[in-house]
Ligand SMILES: [Zn+2]
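Residue numbers (the numbering used here): 108 to 383.
Next up, the structure:
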């Protein structure tokens with residue numbers, strides 16, 4: 108879900124299909140909406156001189172899109188050897204089984220139910236396909252199964268829905284938990300501070316060239332929303348619906364159902380910490 112506030116740094120304008128870094132190319136899926144912004148970014152990642160590529164988030168079950176991803180890789184002289192999922196939401200993962208069939212590649216994900224093939228993904232795994240290194244970073248919070256992929260050679264991180272290229276994301280209660288999400292943002296901050304990550308390649312919206320600024324913005328946004336929710340509860344707003352109508356009055360109503368999940372996650376967090 109999106110808020111009106113602009114992210115720091117210079118988002119790279121419009122979201123378009125094409126190269127974003129030396130090793131990452133976006134193919135934008137045709138599924139725009141209030142929740143998915145311009146549509147899902149399907150990322151093809153490969154070493155420039157390799158004939159093997161990794162795809163992250165094939166996106167919705169849309170044969171035209173899946174075939175465009177394959178054609179884009181083939182035009183660059185690459186075969187898709189592996190598919191990875193940042194999480195199981197359908198706008199990222201629904202097309203994975205069909206994509207695996209078309210490419211004869213395995214699908215690796217944290218959630219065993221989404222895997223096709225023998226291998227899963229766990230914290231600290233390092234993918235090395237055709238020489239391109241992707242480090243698996245566990246980032247639960249948006250969902251319990253959310254992962255990010257650190258691409259050290261490009262000083263970049265693929266963030267799925269944990270950080271978006273525009274606005275902010277939702278904590279999908281009860282699967283997503285706010286405490287986990289804040290820990291995940293701090294983990295991403297340490298990637299920017301200690302590991303030189305500069306670029307966010309998000310699951311939706313434009314590429315961000317100030318990764319640290321984006322993480323700090325997300326942390327500040329979550330803290331200010333949490334304070335607003337706490338104040339609302341203290342003022343007598345009791346149900347999640349009442350809190351949404353009060354705190355998210357500035358957000359488009361089409362996003363209120365998503366906001367309500369985030370509010371439920373925030374109420375749970377406040378109760379667990381004895382704050383309300
Ligand atoms: Zn999602």
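Think of the CB as a built atom: it goes at the ideal place given N, C-alpha and C, for glycine as much as any other residue.
Query raised in the report: So, residue 177 versus residue 221, is the Cβ gap smaller than 8 Å?
Result: Within the chain shown, numbered from 1, the residue matching residue 177 stands at position 70. Within the chain shown, numbered from 1, the residue matching residue 221 stands at position 114. At least 8 Å separates the beta-carbon of residue 177 from that of residue 221.
Query raised in the report: alpha helix (DSSP H) containing residue 392: first to last residue?
Result: In the structure as shown, the chain starts at 108 and stops at 383, and residue 392 therefore has no counterpart that could be examined.
**Report entry** Reference residue 133, options 198, 310 and 347, closest by Cα
**Finding:** Translated into the one-based positions of the chain shown, residue 133 becomes position 26. Of the listed residues, the one whose Cα sits closest to residue 133 is 310.
Query raised in the report: Smallest Cα separation from residue 203: which of 343, 325, 173 and 144?
Result: Position 96 of the chain shown, counted from the first residue, corresponds to residue 203. Looking only at 343, 325, 173 and 144, the smallest Cα-Cα distance to residue 203 is reached by 173.
Query raised in the report: Helix or strand or just coil, what does DSSP make of residue 253?
Result: Within the chain shown, numbered from 1, the residue matching residue 253 stands at position 146. If DSSP states are grouped into helix, strand and coil, residue 253 belongs with coil.
**Report entry** residue 363 to residue 237 span [Cα, whole Å]
**Finding:** The residue labelled residue 363 in the question sits at position 256 within the chain shown. The residue labelled residue 237 in the question sits at position 130 within the chain shown. Whole-angstrom Cα-Cα distance: 43 Å.
**Report entry** Contact shell at 5 Å, judged by CB to any heavy atom of ligand 1, ordered along the chain
**Finding:** Chain-ordered list of matching residues: 196 and 268.
Query raised in the report: By how many angstroms is the C-alpha of residue 287 removed from the C-alpha of residue 226?
Result: In the chain shown, the residue the question calls residue 226 occupies position 119. In the chain shown, the residue the question calls residue 287 occupies position 180. Going from the Cα of residue 226 to the Cα of residue 287 covers about 25 Å.
Report task. Can you give me the start and stop residues for the alpha helix (DSSP H) that residue 348 sits inside? Result -> Stepping through the chain shown from its first residue, residue 348 is reached at position 241. Residues 347-354.
Report task. Tell me whether residue 346 counts as near ligand 3, meaning its Cβ is closer than 7 Å to at least one heavy atom of that ligand. Result -> Ligand 3 is absent from the structure shown, which contains only ligand 1.
Query raised in the report: How many whole angstroms separate the CB atoms of residue 136 and residue 167, which I take to be in contact at a CB cut-off of 8 Å?
Result: Against the chain shown, residue 136 aligns to sequence position 29. Against the chain shown, residue 167 aligns to sequence position 60. Contact flag correct, Cβ pair sits at about 6 Å.
Report task. Pick helix, strand or coil for residue 68, following the three-state DSSP scheme. Result -> In this structure the chain extends from 108 to 383, so residue 68 is not present and cannot be described.
Query raised in the report: Bridge partners of residue 126, per DSSP?
Result: By 1-based counting over the chain shown, the position of residue 126 is 19. Beta-bridge analysis with DSSP links residue 126 to 132.
Report task. Could you check how far apart the C-beta atoms of residue 280 and residue 368 are, in whole angstroms? I think they sit under 8 Å. Result -> Counted from its first residue, the chain shown places residue 280 at position 173. Counted from its first residue, the chain shown places residue 368 at position 261. 5 Å between Cβ atoms; contact.
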